[in-house]
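Okay, structure first, notes after.
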Amino acid sequence: MINKKNEKNIVWHEHQLSKKQRARLKGQKACVLWFTGLSGSGKSTIANALEQRLYALNKHTYLLDGDNIRLGLNKDLGFSDKDRIENIRRIGEVSKLFIDSGTMVLTAFISPFLADRNIVRKLVEKGEFIEVFVDTALTICENRDPKGLYLNAREGKISNFTGISSPYEVPLSAEIHLKTEGKSVKTCVVQIIDYLNSKGYL
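Residue numbers for the sequence shown follow the working numbering, beginning at 210 and rising by one.
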């Protein structure tokens, strides 16, 4: 972290190429598709399927996944509220860089707190943050439990687990609301693609 005493010695360096120029070269509008939802809701599965579909459309993307990021960039962070907030802040800054490169970035993070998601939204320009709420009931997520996390949380082996011992704050006005019950991954992807087409991102 930068010492505040040294901030005055740091000056933003303007690039000669603009974000719009980079995006135009790629034939798309840069944005972050921010997938949020409970563990096991299907965020990563849907985001991966969407990225494959966008690749087929010759779009330039990059997918940031929660576990992958915690194995590298954020491996120094735990799961306290403070660390969760810092985790999302860093991802927001990385996403902003991808947008500046003209890329469509997909992120799959629980990101349980409204305030943190709003911080990321404010980091980028209007229209560049697309919140995708993967709305899957807790009972369904818990029944899936692909990593055994819910079981461990119920047994008290994991503290601060979202949906069990730590809250998940539901998006109030997500750009895309995926009500996943009874829907296939393909149907969810089509819903997102339809939104991106209708708003001129593709």
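Glycine residues also receive a C-beta, built at the ideal position from the N, C-alpha and C atoms.
Report back the beta-carbon spacing between residue i and residue j to the nearest angstrom; my notes put them in contact at under 8 Å.
i: Ala362; j: Ile373; result: 4 Å
i: Ser289; j: Val329; result: Contact doesn't hold; Cβ gap of about 19 Å is too wide.
i: Asp344; j: Gly246; result: 7 Å
i: Asp274; j: Ala317; result: 5 Å
Among all the DSSP beta bridges, which residues are the ones paired with residue i?
i: Lys343; result: Here residue 343 is Val; the residue named in the question, Lys, does not match the sequence. DSSP, once it has assigned bridges, lists Leu387 as partnering Val343.
i: Phe244; result: Ala317 and Val341
State the Cα-Cα distance for the pair residue i and residue j, rounded to the nearest angstrom.
i: Asp285; j: Met313; result: 27 Å
i: Ile367; j: Ala232; result: 42 Å
i: Ile401; j: Ile385; result: 7 Å
i: Lys395; j: Ala258; result: 8 Å
For residue i, I'd like the list of residues in its chain whose CB is within less than 8 Å of its CB, leaving aside the five on either flank, ordered along the chain.
i: Ala346; result: Glu390
i: Glu161; result: Past the edges of the chain, shown from 210 to 411, lies residue 161, and the structure says nothing about it.
i: Glu302; result: Leu332
i: Gln237; result: Lys268, His269, Gly311, Met313, Tyr410 and Leu411
Apart from the five residues on each side of it in sequence, which residues of its chain come closer than 6 Å, Cβ to Cβ, to residue i?
i: Thr326; result: In the sequence on display, residue 326 carries Arg and not Thr. Cβ within range, chain order: Ser320.
i: Ala383; result: Glu340 and Phe342
Once the 5 residues before and after residue i are set aside, which same chain residues still bring their CB inside 7 Å of it?
i: Phe370; result: Leu358 and Ala362
i: Leu360; result: Asp354
When you compare the CB of residue i with every CB in chain C, is at least one pair closer than 9 Å?
i: Asn267; result: Among the chains of the structure shown, chain C does not appear; only one protein chain is present.
Does the distance between the C-beta of residue i and the nearest non-hydrogen atom of the ligand FAD fall short of 8 Å?
i: Ile319; result: The ligand FAD is absent from the structure shown, which contains no ligands of any kind.
ask   = At which residue ranges does the stretch 259-339 contain complete alpha helix (DSSP H) runs of 4 or more residues, listed in the order of the chain?
value = Those alpha helix (DSSP H) runs which fall completely within the stretch 259-339 and span 4+ residues are 275-279, 290-309 and 323-332.
task = Jot down the residue ranges of each uninterrupted alpha helix (DSSP H) in the stretch 344-384, minimum 4 residues, whole runs only, in chain order.
result = Whole alpha helix (DSSP H) segments, 4+ residues: 347-353 and 358-363.
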